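Numbering (full-length UniProt numbering), first residue to last: 1 to 568.
Comments concern the structure below.
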């Protein structure tokens, strides 16, 4: 039974009626072609193919060249490629100039491409791109010949050369055949990368199969996903999901790039909601779970009918929890209203629905959650209510008298959740008590508070980090190991860690600080440069610390293409 069939007719109609009143935001990217433009281009390409058929003259030298293709820079010189149902041949060695371009023109194009590759002046690079573009499609093969001069890991230059290739190829049969031939037959990583990006820019659907094949190589996953999102081929969604699920959990660099692209999954259209939803629910690999969370949320209102149906029919809390969190995370009024209606309609699902409330960022829900906190005898529901109030209370000190009595719930350990809530509401005394229990409490108290700490606002995390500067090393260890739980840290923690290192702390504390630094090296918001770790290894005398530093350096995130020494 389909998800649509599982929703009552009136509910489904209501959802669609609500969608009609949403503001229609323009989410089209620059250079994205609409369907009418694509069809017009397709007709132009067909006309070019027909003219090529009529004028094609194959001589004996041509057949001779096919008998044993030679190699140039790892690529075959002449390869067979099928495009628009027609078989043709393309020279992907890029060794020789095309017949319709002379040496002088080629030199001008090469000079302009070198300027694009090496100049730091954006205005000059823009003018150089215009110079190349003036030569039309005959510049495409020279772009491929010279593309090794470009650093395709640098976003701005990558964008400039890829968009230039796109403009030259979008209406060019020759350009599109080159791109497809490179994807199918080339071995050069730079050529393949440029072709993948170019195929995405011109939405080349005939390149989809080759792009998916190249994505079996982890280094092509992010580039391939970026291109396929632009192409928007719906049949590629399930293969993409399979590739993501097969990623090595230790390749943080690749997973981070995929996470950055996940909010664009909605470009595949509403038909992609179901496979993404299934991957989201079935996913067992923790490392890639954020990919499917963000991908599902990207569909916004299109995801709601599927999510609403599961919320209505499902009773397993394990399956309901991510559904409610996603509905809340959409942060859309009618998605929030669905949660509110379900909260009133399904008493046995209140705990997971309150978790969904905490993701809405809607402070108007606080009075309802406070009322439930006071009324329910269910300990787990009380914990969720305190957690939601902590998130949604927005530093509202007027809520403190309501929460304070729950600090007395010693037997149930509910006081720890209440303490976390009080801290987030801005109670100074509770903050001091939190720090004290984190460093001096029993094992259970420390465990619970450690879990809460990474979810704290950045300003509070910085305040907690500052505490390590004035407390004994054996207590500071607990603070540092708590901070290690967070996947994202405020950059202001970095200088605090450096100050603590300057105090010459104990070897055990130093190691925990190094582990914290290593976890965030080469992230967008790294705490300290990896140079700190390499210098520590040079200066350190303790064999145990050196051995552990080697392991930290080995495991830390590597940044492809360069070594980061600058904090963003």
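All residues carry an ideal CB built from backbone N, CA and C; glycine is no exception.
The model shown is predicted, which means the values in this text are computed figures rather than measured ones.
### Query
Quick one: what does DSSP say residue 82 is sitting in, helix, strand or coil?
Mapped onto the chain shown, residue 82 falls at position 82. Of the three classes helix, strand and coil, the one that applies to residue 82 here is strand, per DSSP.
### Message
By DSSP's criteria, residue 88 is part of a beta bridge. Which residues make up the other side?
### Response
Mapped onto the chain shown, residue 88 falls at position 88. Per DSSP, 81.
#### Entry: Euclidean distance between Cα positions of residue 323 and residue 264
For the purposes of this step, residue 323 is taken as residue 323 along the chain shown, with counting starting at 1. For the purposes of this step, residue 264 is taken as residue 264 along the chain shown, with counting starting at 1. Rounded to whole angstroms, residue 323 to residue 264 spans 20 Å at the Cα level.
#### Entry: Identity of the residue in 536, 426, 151 and 205 nearest residue 170 by Cα
Taking the chain shown and counting its residues from 1, one reaches residue 170 at position 170. Answer by Cα proximity: 205.
### Query
Roughly how many angstroms separate the alpha carbons of residue 178 and residue 92, rounded to a whole number?
Against the chain shown, residue 178 aligns to sequence position 178. Against the chain shown, residue 92 aligns to sequence position 92. Computed Cα separation, rounded: 7 Å.
### Query
Going along the chain, which residues of its own chain have a beta-carbon closer than 6 Å to the beta-carbon of residue 220, five neighbours each way excluded?
In the chain shown, the residue the question calls residue 220 occupies position 220. So the list reads 214, once near-sequence residues are dropped.
### Query
Alpha carbon to alpha carbon, how far is residue 333 from residue 303?
Locating residue 333 in the chain shown gives position 333, counting from the first residue. Locating residue 303 in the chain shown gives position 303, counting from the first residue. Rounded to whole angstroms, residue 333 to residue 303 spans 14 Å at the Cα level.
### Query
Short check: CB of residue 477 to CB of residue 509, under 7 Å?
The residue given as residue 477 occupies position 477 in the chain shown. The residue given as residue 509 occupies position 509 in the chain shown. Taking 7 Å as the Cβ cut-off, residue 477 and residue 509 qualify as a contacting pair.
### Message
My output table needs one value for residue 21: the three-state DSSP class, helix, strand or coil.
### Response
Here the question's residue 21 lines up with position 21 in the chain shown. With a pLDDT of 43 at residue 21, under the threshold of 50, the modelled position of this residue cannot be trusted; read the value that follows with caution. In the three-state reduction of the DSSP assignment, residue 21 falls in the coil class, being assigned neither a helical nor a strand state.
### Where residue 570 falls, given that 16 or more other Cβ within 10 Å makes a residue buried
The requested residue 570 does not occur in the structure, where the chain is confined to residues 1 to 568.
### Query
Which runs of the beta strand (DSSP E) spanning at least 3 residues fall entirely within the stretch 88-163, listed in chain order?
none
### Task
Compare the beta carbon distance of residue 166 and residue 193 with 7 Å and say whether it is the shorter of the two.
The residue you call residue 166 lines up with position 166 of the chain shown. The residue you call residue 193 lines up with position 193 of the chain shown. No, they are not a contact pair.
### Task
Work out the CA separation of residue 234 and residue 45 for me, nearest whole Å.
Residue numbering aside, residue 45 sits at position 45 when the chain shown is read from its first letter. Residue numbering aside, residue 234 sits at position 234 when the chain shown is read from its first letter. Taking the straight line joining both Cα atoms gives about 23 Å.
### Query
Taking just the CA atoms, how far does residue 253 sit from residue 538?
In the chain shown, the residue the question calls residue 538 occupies position 538. In the chain shown, the residue the question calls residue 253 occupies position 253. Each residue's Cα considered, the two are about 26 Å apart.
### Task
Identify, in the order they occur along the chain, each residue of the same chain with its Cβ nearer than 7 Å to the Cβ of residue 72, setting aside the five sequence neighbours on each side.
Locating residue 72 in the chain shown gives position 72, where the first residue counts as 1. In this prediction, residue 72 scores a pLDDT of 48, lower than 50, which makes its location untrustworthy; the coordinate-derived value is nonetheless stated afterwards. 93 and 95.
### Task
With DSSP collapsed to three states, give me the class of residue 489.
Walking along the chain shown from the start, residue 489 turns up at place 489. Three-state DSSP puts residue 489 in coil, outside helix and strand.
### Message
Going by beta-carbon coordinates alone, are residue 129 and residue 168 separated by less than 7 Å?
### Response
Here residue 129 is taken as the residue at index 129 of the chain shown, counted from 1. Here residue 168 is taken as the residue at index 168 of the chain shown, counted from 1. No, they are not a contact pair.
#### Entry: Cβ separation of residue 427 and residue 392, assumed to be a contact under 8 Å, to the nearest whole Å
Along the chain shown, one-based indexing puts residue 427 at 427. Along the chain shown, one-based indexing puts residue 392 at 392. That belief does not hold up - the Cβ atoms of residue 427 and residue 392 are roughly 16 Å apart, past 8 Å.
### Message
Taking 6 Å as the limit between beta carbons, can you name the residues of its chain near residue 262, skipping five residues before and five after?
### Response
Counting from 1 along the chain shown, the entry for residue 262 is found at position 262. Within the same chain, residue 262 has close Cβ partners 291, 294 and 295.
#### Entry: Neighbourhood of residue 394 by C-beta distance below 6 Å, restricted to the same chain and skipping five residues each side
Taking the first residue of the chain shown as 1, we reach residue 394 at position 394. Hits under 6 Å: 363.
#### Entry: At least 3 beta-carbon pairs within less than 8 Å: the stretch 401-412 vs the stretch 438-450
no
### Task
Check residue 222 in the structure and name its three-state DSSP category.
Translated into the one-based positions of the chain shown, residue 222 becomes position 222. Helix.
### Task
Compare the C-alpha of residue 238 against each of 249, 225, 250 and 105 and name the closest.
Taking the first residue of the chain shown as position 1, residue 238 is located at position 238. Comparing Cα-Cα distances from residue 238 to each of 249, 225, 250 and 105, the minimum goes to 225.
### Task
Let me know if residue 104 comes out buried or exposed under the rule of 16 or more other beta-carbons within 10 Å of its beta-carbon.
Counting from 1 along the chain shown, the entry for residue 104 is found at position 104. When all chains shown are included, residue 104 counts as exposed.
### Task
To the nearest angstrom, report how far apart residue 244 and residue 316 are at their CA atoms.
On the chain shown, position 244 is the one that residue 244 refers to. On the chain shown, position 316 is the one that residue 316 refers to. One C-alpha to the other measures close to 26 Å.
### Query
For residue 183, which option in 320, 138, 210 and 154 has the closest C-alpha, if you only look at C-alpha atoms?
Residue 183 sits at position 183 when you count from the first residue of the chain shown. Checking every option, the nearest Cα to that of residue 183 belongs to 210.
### Query
Out of curiosity, what's the CA-to-CA distance linking residue 365 and residue 273?
For the purposes of this step, residue 365 is taken as residue 365 along the chain shown, with counting starting at 1. For the purposes of this step, residue 273 is taken as residue 273 along the chain shown, with counting starting at 1. If you take the alpha carbons of residue 365 and residue 273, they lie about 28 Å apart.
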